[in-house]
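There are 2 protein chains.
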Amino acid sequence: MVASSKRVECFADDTDLEASSRMPTPDMMAMEVHKVAVLQDRTGLRSFRHSLSEVFFPDDPLHRFKNKPFFKKVVLALQYFFPIFDWGAHYNLKLLKSDAVAGITIASLAIPQGISYAKLAGLPPIIGLYSSFVPPLIYSVLGSSRDLACGPLSIASLVMGSMLRDVVSPEDTKEYLEVAFTATFFAGVFQAGLGLLRLGFIIDFLSKPTLTGFMGGAAVLVSLQQLKGLLGIVHFTTKMAIIPVLKSVFDNRKEWSWQAVVMGLSFLVLLLTARHISTVRPKLFWVSAAAPLTSVIISTIISYVLRSHEKGISTIGYLPEGVNPSSVSMLHFKGPHSSLALKTGIVSGLLALTEGIAVGRTFASMKNYQIDGNKEMVAVGSMNLAGSCVSCYVTSGGFARSAVNFNAGCKTAATNIIMASVVLFTMLLLMPLFHYTPNVILSAIIISAVIGLIDVRGAILLWKVDKFDFLACMSAFLGVLLLSVPIGLSISVGISVLKILFHATRPNIAVMGNIPGTNSYRDLAQYKEAKRMPSFLILGIESPVYFTNSVYLQERILRWIREEEERITNSNERPLKCIILDMAAVTNIDISGIESLKELKRTLDRRSLELVLANPVGEVSQKLSHSGAWELFGPECFYMTVEEAIASTSYKI
Amino acid sequence: MVASSKRVECFADDTDLEASSRMPTPDMMAMEVHKVAVLQDRTGLRSFRHSLSEVFFPDDPLHRFKNKPFFKKVVLALQYFFPIFDWGAHYNLKLLKSDAVAGITIASLAIPQGISYAKLAGLPPIIGLYSSFVPPLIYSVLGSSRDLACGPLSIASLVMGSMLRDVVSPEDTKEYLEVAFTATFFAGVFQAGLGLLRLGFIIDFLSKPTLTGFMGGAAVLVSLQQLKGLLGIVHFTTKMAIIPVLKSVFDNRKEWSWQAVVMGLSFLVLLLTARHISTVRPKLFWVSAAAPLTSVIISTIISYVLRSHEKGISTIGYLPEGVNPSSVSMLHFKGPHSSLALKTGIVSGLLALTEGIAVGRTFASMKNYQIDGNKEMVAVGSMNLAGSCVSCYVTSGGFARSAVNFNAGCKTAATNIIMASVVLFTMLLLMPLFHYTPNVILSAIIISAVIGLIDVRGAILLWKVDKFDFLACMSAFLGVLLLSVPIGLSISVGISVLKILFHATRPNIAVMGNIPGTNSYRDLAQYKEAKRMPSFLILGIESPVYFTNSVYLQERILRWIREEEERITNSNERPLKCIILDMAAVTNIDISGIESLKELKRTLDRRSLELVLANPVGEVSQKLSHSGAWELFGPECFYMTVEEAIASTSYKI
């Protein structure tokens, strides 16, 4: 159906006239009307296949193999599954130099962070070092990001600690370790499973507002927990929620130790200052990267010289030397705590994954390459699966250390290998040096790390852009702070999902008018220059029409008509004759929506008002056709544009 | 900003030329470009108030009170809250005549149905009659539908029975009644609460596919349950699920009674034939309406004459005479079963409400009046609240009896009063007559009533229109049949909601082209005549851009660009210069969506590709502006139409 060539005439010459005198011109009458096409029938199976491939393979991973010889295909597949073969093939000394600098820098951050985060999770400090050794090695083979630095994460550690401590006491080290390793195993299975099943989009459901609120709440929680170390309190609650923690702090005022407070606050100020310097001048990234290790060294020396552990400052104490011992025998899939381990594994695994992928994507976009979410999940999952067998707990790519890595000029995932080597060296030779490291310094390191997670500016931006998102953010924040980590998280995921449903339940309807001098019709509320068309009511439905909104839309359209008729009566304009629904934004429709349209048509027929639909899109045209509504309504009900609908119905009026 | 009058020139004269030669004409160059307006700022509070009023008062219930004197306002308010004052004021003998015929007709249906449905819920038969007396009277005062006939419902009875029997044995009559009345009380509170809080839209979440599947499954379940009566089995399972029921049937083959089978099947055939006659000829509505009572009378006479209760046919037995006794003392809000009562009340109350409102809406639309969902909820809730105090269980408006009511020519809610009077007369004087009524006839009545709920045609239509909806339907069907009623219901509500989320997670992107002879741009897949514009890639995003799809859209758009560039290379066309996103269907955007747009812009800038947005709608323009993205992108990035975008960027290419 090729249209013959005719000039489309618009309401061009009458923009200065009153709206009520805007009669159809002869030109308009002669306007050619285009048939609305119904989207070509895909057979059920093909359409289903298409849907599936959009869900699971939106990136079309096979496109790189197209038209390649067999050998090349094998190499490509190897490079696809093990990215190390990709970058490893072109590796050279220059890259190594860059990576070595970055790797040593992040190692100096990773060692104190590893020890601190393990304590946060309620685990012995040495587990944090173990977790900074094996997982980064695995990531360097499987990971597709060039900037991610792997190891324990503050949020995942916090969540694991808070969920496990509710049931198991960290005092009972063996049982606690067993549950923690089993949870790590489940986290790995869950993460790799999501990736293999290509369900990576599930992490997208943790929206920005949710994460902003959650991270903020978690950061406050973690910081409060550190009051134990900062104040030198010995008897402290094992609960994470804000009330028992504050109670512990003030009930044990007698245990406060001024030596711990002075030392802790001094180093906290030092660390925060270092962080600030690096934020303001990214070139000085090494200031904040080196600050934790420097603090550890200085405080250990002070502590050793002053014998401060005798003066109310507790120290880390003995750490065993040697590499990761096997923990396969500690994985228990039956028994009283297996469901706890499963739950903890899924929640902390999900959060670790979300952080890792978000960080990976951020830096990839800065360097203009793409990472494959599903592949990253498999890499992170493998890290945790393997880690759970060699005394590691949940790990992923962390924001802080990846930022340092990026600023230190990392080039490939080899930085992880170098970092792991430094950690190995430490574990083999330097463990006795940590004996006198005061615990208060670990608290200061944790606080300075998590305080950056409180994103006040982000929250303000949310308030500006969308009040509902701000609500979701605050719910997550308060939920985590006052209730518990999993509850806070569920509430805010729930609110984010409700927002989508809400949009689909109460969609906006725009009353539209002609933009003078064009044949476009736009929202009267948005375009002040848009003019109503006498005798017509043009409504833009701004949502798919589903069971959740079909009744609402039907009744709301009738209300619009009632209000328009009242307005017309009051202003003595020409009576309403025709309602045009602009369907451009109705991207889908279901049975309930079709029923509602039919009913609306019947109702308006009885009131001698015409109902026509402009610009039904592909999917909608197809569904209207399959349900028989297309024939029922008749072809004179469908127009390609609002303009053609007006021109055609003008005849009859 | 009023546009000056210029003729909009289109690609009118070159439709016959090759697409690749379609250069911008001088006319196009001179085309006036309209500034994209940003939706005027509503203050946070006003926008919030507007949102709230759309959620809770979409029908603007106060509009009828506008500009009315005080006395009139009082009368209108009275009529609003008690519709009986509305229709009662104009009531006359002619209306009474119609209502009397309809009322007596539905009473003849309501009495046997009441007895049968009470048995379905595991309650003594007399409770079914009590429930057909008080609730209809209350509805006639508060209800806004003219066609709804109230009383017990098959589905709600089934659900209540199945949920209660899992925990409490119906043999323990007192305890069972206590839980049932308490559940009814909770159902009433829940229903009236939804209405008062104007949360009526919640029932819209039970979508058509869900209900079709659920009703079908429930009908099969109920029918299978009736095998007990039809086969005359004495020892039968109290479970509802299909496996234990079939096991009961075949394990107790010895108890099968041929007398019961013969009598049951004969009357079932009679009832189904009567139903068929009334379906084919709606004028003969009285055939199906009178059939149940006729069957009861005939079977009772046969049973009395043949003394059949001595021959393996059980009968109803003694029914107490008199009106509803008070049951206030049987409502227990504490104790072991209160949470069961709460759960049962909410589920059965929700289903009763859904049926009542759907039926009310259906008949209202046939007679061209509107019912107010929230008001109906208050009416139904009051029925159940009051009912729970006078020995009634969950009631609402039923489909079958309302259809009979409609066909019998009912005019107002007075039919409910007349029906209640007939029930009262029966309860006071005719109870001994039911002594010999065989139970098998009640089973036949139930089967013939619920078999109509199996909507095979509806399921086929779902298959045709949307495979996903069909899946939701079948999940509800199988879930109810094989698992349990609440689980089946939750699964299918979950699937319906997932469908909406899915649409928001993997939205369609349409590649668009110019419709020759117009300035419209449409989906190439839908309109075969649409032509690509050389150097341009026009993508229509068919969904709001949210956190659930922002990453997908960003990556999918890059894939579209990659594929377009491959196509261009293969066909030796002019290289791609500009990507136009048609935002007409992007009805909303959130922070993540804005971030993705920014990142896409950055990525394309690096590749020297231009990105422009056409027709951002009100809400989106506002959010882009508030987040600062509008200024960041610059005005040359936004166009009112795709055409103006092409005309303007043509300069630079």
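Listed in order, the protein sequences are those of chains A and B.
Each residue of the first sequence is one higher than the one before, counting from 1 in my numbering.
Each residue of the second sequence is one higher than the one before, counting from 1001 in my numbering.
The beta-carbon is built from N, C-alpha and C at its ideal position, and this holds for glycine as well.
With burial defined as no fewer than 16 other Cβ atoms inside 10 Å of the residue's Cβ, what is the status of ASN572/A: buried or exposed? Here residue 572/A refers to the residue found at position 572 of the first sequence. When all chains shown are included, ASN572/A counts as exposed.
My output table needs one value for ALA12/A: the three-state DSSP class, helix, strand or coil. Within the first sequence, numbered from 1, the residue matching residue 12/A stands at position 12. With a pLDDT of 36 at ALA12/A, under the threshold of 50, the predicted position of this residue should be treated as unreliable, though the coordinate-derived value follows. Of the three classes helix, strand and coil, the one that applies to ALA12/A here is coil, per DSSP.
Excluding sequence positions up to five away, which residues of its chain have a Cβ less than 8 Å from the Cβ of PHE1082/B? Looking up residue 1082/B in the second sequence gives position 82. VAL1141, LEU1142, listed in sequence order.
Grab the span of the beta strand (DSSP E) containing PHE1536/B for me, first residue to last. Stepping through the second sequence from its first residue, residue 1536/B is reached at position 536. Note, PHE1536/B: beta strand (DSSP E), 1536-1541.
Opposing strand residues paired with MET1512/B [DSSP bridges]: Here residue 1512/B corresponds to residue number 512 of the second sequence, with the count starting at 1. DSSP lists ASP1523/B, ILE1538/B as partners of MET1512/B.
Does any CB atom of chain A fall closer than 8 Å to the CB of PHE1214/B? Counting from one through the second sequence, the residue named residue 1214/B turns up at place 214. At a cut-off of 8 Å between C-beta atoms, PHE1214/B does not count as an interface residue with respect to chain A.
Assign THR1184/B to one of two classes, buried (16 or more other C-beta atoms within 10 Å of its C-beta) or exposed (fewer than that). For the purposes of this step, residue 1184/B is taken as residue 184 along the second sequence, with counting starting at 1. Counting Cβ neighbours within 10 Å, THR1184/B comes out buried, since at least 16 surround it.
Is it buried or exposed for LEU265/A, if we count other Cβ within 10 angstroms and need 16 for buried? Along the first sequence, one-based indexing puts residue 265/A at 265. By the Cβ neighbour-count rule, LEU265/A is exposed, with fewer than 16 other Cβ atoms within 10 Å of its own.
Kindly say whether ASP1147/B, judged by its beta-carbon, lies nearer than 8 Å to any beta-carbon of chain A. Taking the first residue of the second sequence as 1, we reach residue 1147/B at position 147. So no, ASP1147/B is outside the interface.
With H, G and I counted as helix, E and B as strand and the rest as coil, what does DSSP make of LEU1597/B? Working through the second sequence from its first residue, we reach residue 1597/B at position 597. Looking at LEU1597/B - three-state DSSP - the assignment turns out to be helix.
How would you list, in chain order, the residues of chain A whose beta-carbon sits under 9 Å from the beta-carbon of HIS1205/B? Walking along the second sequence from the start, residue 1205/B turns up at place 205. It is worth fixing the name first, because residue 1205/B is Phe in this sequence and not His. Listed along chain A are LEU501, THR505, PHE547, THR548, each with a C-beta nearer than 9 Å to that of PHE1205/B.
Within 10 angstroms of its Cβ, does HIS34/A collect 16 or more other Cβ (buried), or is it exposed? As a working mapping, residue 34/A is identified with position 34 in the first sequence. With 16 or more Cβ atoms within 10 Å of its Cβ, HIS34/A is classed as buried.
From this set, MET1474/B, GLY1335/B, ALA1403/B, which residue's C-alpha is nearest GLY1217/B's C-alpha? Residue mapping note: residue 1217/B aligns to position 217 of the second sequence, counting from 1. The shortest Cα separation from GLY1217/B among MET1474/B, GLY1335/B, ALA1403/B belongs to MET1474/B.
Is it buried or exposed, HIS680/A, if we count other Cβ atoms within 10 angstroms and call 16 or more buried? Chain A is shown from 1 up to 653; residue 680/A falls before or after that span and cannot be answered.
Quick check: is the beta carbon of TYR1552/B nearer than 8 Å to any beta carbon in chain A? Stepping through the second sequence from its first residue, residue 1552/B is reached at position 552. Yes - at least one Cβ of chain A is within 8 Å of the one on TYR1552/B.
Comparing C-alpha positions only, which one of VAL1222/B, THR1212/B, LEU1624/B sits nearest to ILE1445/B? Numbered from 1 along the second sequence, position 445 holds the residue referred to as residue 1445/B. Answer by Cα proximity: VAL1222/B.
Anything in chain B within Cβ reach of ALA290/A, meaning under 8 Å, just list it in chain order. Along the first sequence, read from residue 1 onward, the residue named residue 290/A stands at position 290. Correct list: empty, because the minimum Cβ distance to chain B is about 32 Å.
Expected contact under 8 Å - CB spacing of ILE541/A and ALA585/A to nearest Å: Numbered from its first residue, the first sequence carries residue 541/A at position 541. Numbered from its first residue, the first sequence carries residue 585/A at position 585. Yes, ILE541/A and ALA585/A are in contact; Cβ-Cβ is about 6 Å, under 8 Å.
Tell me the rounded alpha-carbon separation between SER402/A and CYS150/A. Within the first sequence, the letter at position 402 stands for residue 402/A. Within the first sequence, the letter at position 150 stands for residue 150/A. Taking the straight line from one Cα to the other gives about 8 Å.
For THR587/A, which residues of its own chain have a beta-carbon under 8 Å away from its beta-carbon, when the five flanking residues on both sides are left out? Translated into the one-based positions of the first sequence, residue 587/A becomes position 587. Closer than 8 Å at the Cβ level, and outside the excluded window around THR587/A, lie PRO544, VAL617, GLU619, VAL620.
Where does the unbroken alpha helix (DSSP H) through SER1303/B begin, and where does it stop? By one-based count along the second sequence, residue 1303/B stands at place 303. Run containing SER1303/B: 1285-1306, per the alpha helix (DSSP H) assignment.
When every heavy atom of the ligand COA is checked, does at least one fall within less than 7 Å of the C-beta of ILE242/A? Inclusion of the ligand COA in the displayed structure is not the case, the ligand content being empty and no account of it being possible.
Cβ of GLY1618/B less than 8 Å from any chain A Cβ? Along the second sequence, read from residue 1 onward, the residue named residue 1618/B stands at position 618. Yes, GLY1618/B lies at the interface with chain A (some Cβ there is under 8 Å from its Cβ).
Check the DSSP bridge columns for ILE1579/B and list the partner residues they point to. The residue given as residue 1579/B occupies position 579 in the second sequence. Bridge partners of ILE1579/B: LEU1537/B, LEU1611/B.
Work out the CA separation of PRO1438/B and VAL1262/B for me, nearest whole Å. Along the second sequence, read from residue 1 onward, the residue named residue 1262/B stands at position 262. Along the second sequence, read from residue 1 onward, the residue named residue 1438/B stands at position 438. Rounded to whole angstroms, VAL1262/B and PRO1438/B show a C-alpha spacing of 13 Å.
Inter-stretch contact at 8 Å, needing at least 3 Cβ pairs: the region 1591-1598 of chain B / the region 82-91 of chain A: no
Within 8 Å (strictly less), CB to CB, does VAL1008/B reach chain A? On the second sequence, residue 1008/B is found 8 positions in, with the first residue counted as 1. Below a pLDDT of 50, predicted positions are generally treated as unreliable, and VAL1008/B, at 31, falls in that range; the measurement from the model is reported next regardless. Yes, VAL1008/B counts as interfacial toward chain A.
Using only the alpha-carbon positions, how far apart do LEU1611/B and LEU1597/B sit? Here residue 1611/B is taken as the residue at index 611 of the second sequence, counted from 1. Here residue 1597/B is taken as the residue at index 597 of the second sequence, counted from 1. For LEU1611/B and LEU1597/B, the distance between alpha carbons rounds to 10 Å.
Whose CA, out of VAL1493/B, CYS1392/B, LYS1577/B, lies closest to the CA of MET1533/B? Working through the second sequence from its first residue, we reach residue 1533/B at position 533. The candidate whose alpha carbon is nearest that of MET1533/B is LYS1577/B.
Could you please give me the residues that DSSP links to SER1396/B through a beta bridge? Sequence index remark: in the second sequence, residue 1396/B carries index 396 (1-based). Paired residues: GLY1151/B.
Run through DSSP, which three-state label would PRO1616/B get? Along the second sequence, one-based indexing puts residue 1616/B at 616. The answer is coil: DSSP assigns PRO1616/B none of H, G, I, E or B.
So PRO1136/B is in the alpha helix (DSSP H); what residue range does that whole segment cover? Looking up residue 1136/B in the second sequence gives position 136. That run of the alpha helix (DSSP H) goes 1134-1142.
ALA289/A and ALA408/A closer than 8 Å at C-beta: Locating residue 289/A in the first sequence gives position 289, counting from the first residue. Locating residue 408/A in the first sequence gives position 408, counting from the first residue. Yes, they are a contact pair.
Give the residues of chain A in contact with VAL1465/B, contact being defined as C-beta atoms less than 7 Å apart. The residue labelled residue 1465/B in the question sits at position 465 within the second sequence. Simply ILE591, LYS623, HIS626, SER627.
Buried versus exposed, by CB contacts within 10 Å (16 or more), GLY195/A: Within the first sequence, residue 195/A is the residue found at index 195, counting from 1. Burial call: buried.
Taking MET640/A as the query, report the chain B residues whose CB atoms sit under 9 Å from its CB, ordered along the chain. As a first step, residue 640/A is located in the first sequence; it is residue number 640 there, counting from the start. Per Cβ cutoff of 9 Å: ILE1515, THR1518, SER1520, ARG1522, TYR1527.
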